[in-house]
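The structure appears right after this line, and notes come after that.
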Amino acid sequence: MKRISILGSTGSIGTQALDVINDCENYEVVALTANNNIDLLEKQIKKFNPKIVGVGNEEKARLLRERLDNNKVDIISGIEGLISAATINCADIVLNSVVGMVGLVPTLEAIKSKKTIALANKETLVAGGEIVTRLAKEKQVQIIPVDSEHSAIFQCLTSGKKEEIFKLILTASGGPFRGKNSKDLENVSLEDALAHPNWVMGKKISVDSATLMNKGLEVIEAKWLFDIDIEKIDVLVHPESIIHSMVEYIDGSVIGQLAIHDMRIPIQYALSYPKRKFNFLNRLDLAEIGKLTFEKPDNKTFPCLTLAIQSSTIGGTMPAVLNAANEMVVNMFLQKRIMFKDIPKLIENVMNSHNVLYDPTLEDILQSDMWSRKQVQKLVELK
Ligand SMILES: NC(=O)c1ccc[n+]([C@@H]2O[C@H](COP(=O)([O-])OP(=O)(O)OC[C@H]3O[C@@H](n4cnc5c(N)ncnc54)[C@H](OP(=O)(O)O)[C@@H]3O)[C@@H](O)[C@H]2O)c1
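Position in the sequence shown counted from 1, then plus 394, gives you my numbering.
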């Protein structure tokens, strides 16, 4: 029996993780958290009986306490709720599937409590990769990737030794605007940006996929997860999303992981690792698919990928600044306050005015994050 705490249980990854858990007898849910969606959280509590529940929004936490008056569950609000769920004594695994930088501190706390981490929350590694991986090494805590690309690489890495890796090849669907040029992107709508061709995901990651920032964040995530130079990580557009990523070894052999595009596969692998478990999901039928295609990413039309890689090459607090600026502009785009084409321009502008701190502490990262958000706010107000 594995005992699991899920941070962000009401989101796209969180709900799919509960589907996986529901279909398998070997898991017990010990903690759940959400931010606002207490209707769904209430249903999840009734079904999975966690010992504690975290609710980010204080007012929603109060409402949920009222609704569950007679229930034995402990409801903790604010960031404390996330931290309590991340450190709960009885959990073996913490699945971090919250969206955004809010996941960083709970990840660090879970590592300090020696929990195995199943990590979907890529912003954690983008902003704080250096301190997260250092602490995980020190505490001998394993971080198992949930992101499909990183799960693929994690699986392909069993085919060789670290010194035998030539490069990692992260595949990318190309998002809803693949094949368009800068002019075409001038007036695209929010609805167009959210319409991902292959995956149904949360709104933030959907917009990140449309700008290709998601792939940039994933390159940084891969650098930290697999302790590999950023120059050894390539991005390859593969619109069918069947090969989830590959590892090329020094002898020219390329090992890839293939599956249908269903996040329940990498989620299940992260939870059941090091074992594999049978499931009833659709099977990959390559004859039915017929052909797989590949192309280079269009860095000119989608500058966010280059910005992310640049931020990582610069290092220090720059990736945290890129991440925070991106979270802010994506939110503003979701609120229809800015246009799609403004996204990379605003991020680049903020990066250009940042004084980087190297070998950052958690405090430096949190301060840089705040600074970046304020810069975006100022730039948008000036427009
Ligand atoms: N979706 C995918 O297929 C996919 C694939 C690979 C990686 N990822 C990564 O996984 C993470 C989650 O993505 P998602 O698509 O599942 O996002 P999502 O659907 O937006 O869900 C986010 C979850 O985080 C909670 N949350 C949001 N803000 C919070 C806050 N301030 N405090 C506490 N909880 C908060 C949400 O609660 P409410 O529901 O109450 O708002 C929800 O449970 C992201 O880092 C994403 O990049 C996602």
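A virtual CB, placed ideally from N, CA and C, is assigned to each residue, including glycine. Quick caveat: nothing in here was measured; it's all calculated off a predicted structure.
Under the three-state DSSP convention, the category residue i falls into
| i | result |
| --- | --- |
| Arg731 | coil |
| Asn592 | coil |
| Asp417 | coil |
| Lys466 | coil |
| Ser603 | helix |
| Glu721 | helix |
| Phe560 | strand |
| Gly568 | coil |
| Ala485 | coil |
| Pro539 | strand |
| Met395 | coil |
| Asn746 | helix |
| Glu422 | strand |
| Leu776 | helix |
| Ala512 | strand |
| Glu634 | coil |
| Leu502 | helix |
| Asn490 | strand |
| Leu680 | helix |
| Ser553 | helix |
| Ser471 | strand |
| Leu751 | coil |
| Ser639 | strand |
| Leu401 | strand |
Same chain only: Cβ atoms within 7 Å of residue i, ignoring 5 sequence neighbours per side
| i | result |
| --- | --- |
| Gly610 | Cys698, Leu699, Leu701, Ala702, Ile703 |
| Val520 | Leu611, Ile614, Glu615, Pro713, Asn717 |
| Asn431 | Thr404 |
| Phe696 | Thr605, Leu606 |
| Asn608 | Ile599, Asp602 |
| Asn592 | Ser567, Ser635, His655 |
| Val770 | Ala719, Met722, Val723, Leu740, Val744 |
8 Å CB neighbourhood of residue i in its chain, flanking five on each side removed
| i | result |
| --- | --- |
| Val493 | Gly402, Gly405, Asn515, Glu517, Gly596, Lys598, Ile599 |
| Leu773 | Leu740, Asn743, Val744 |
| Val594 | Ser406 |
| Met395 | Asn420, Tyr421, Glu422 |
| Leu678 | Ile636, Leu652, Ala653, Ile654 |
| Asp623 | Lys617 |
| Gly523 | Ile614, Glu615, Lys617, Trp618, Pro713 |
| Ile525 | Leu502, Pro754, Thr755, Leu756, Ile759 |
Proximal residues to residue i (C-beta, below 6 Å), its chain only, five neighbours per side dropped
| i | result |
| --- | --- |
| Val724 | Lys598, Val601 |
| Ile732 | Met726 |
| Gly569 | Ser603, Ala604 |
| Leu435 | Thr404, Ala428 |
| Ile390 | Limits of the chain in this structure are 395 at one end and 777 at the other, which puts residue 390 out of reach. |
| Ala425 | Ser399, Pro444, Ile446, Ala479, Ile482 |
| Ala530 | Ile505, Ile537 |
| Glu580 | Lys735 |
Range covered by the alpha helix (DSSP H) that runs through residue i
| i | result |
| --- | --- |
| Tyr663 | 658-666 |
| Asn430 | Looking at the DSSP string, Asn430 is not in any alpha helix (DSSP H), and its letter there is neither H nor E. |
| Leu630 | No alpha helix (DSSP H) contains Leu630, which is instead part of the beta strand (DSSP E) from 627-631. |
| Lys609 | 607-620 |
| His544 | 542-550 |
| Ile644 | No alpha helix (DSSP H) holds Ile644; DSSP gives it neither H nor E. |
| Leu457 | 452-461 |
Assumed close pair residue i, residue j - CB separation to whole angstroms, cut-off 8 Å
| i | j | result |
| --- | --- | --- |
| Ile511 | Asn483 | Their Cβ separation, rounded to whole angstroms, is 16 Å, which puts Ile511 and Asn483 out of contact at 8 Å. |
| Thr711 | Leu751 | 5 Å |
| Leu686 | His632 | 7 Å |
| Leu606 | Pro691 | 7 Å |
| Val641 | Ser553 | 7 Å |
| Ile505 | Val535 | 5 Å |
| Leu462 | Ile477 | Contact flag wrong, Cβ pair sits at about 21 Å. |
| Lys626 | Lys561 | 5 Å |
8 Å Cβ cutoff, residue i in contact with chain B
| i | result |
| --- | --- |
| Ser399 | Looking at the structure shown, chain B is missing, and only one protein chain is on hand. |
Proximity test, residue i beta-carbon vs ligand 3 heavy atom, cut-off 7 Å
| i | result |
| --- | --- |
| Val492 | By its list of ligands, the structure shown excludes ligand 3, since it contains just ligand 1. |
For residue i, the first and last residue of its enclosing beta strand (DSSP E)
| i | result |
| --- | --- |
| Gln651 | 648-652 |
| Ile703 | First-last for Ile703: 698-708, but that is the alpha helix (DSSP H), not the beta strand (DSSP E). |
| Gly448 | 446-449 |
Do the segment 546-553 and the segment 668-675 touch if we need at least three Cβ pairs shorter than 8 Å?
no
Validate contact between the segment 463-473 and the segment 436-450 using beta carbons, cut 8 Å, 3 pairs:
yes
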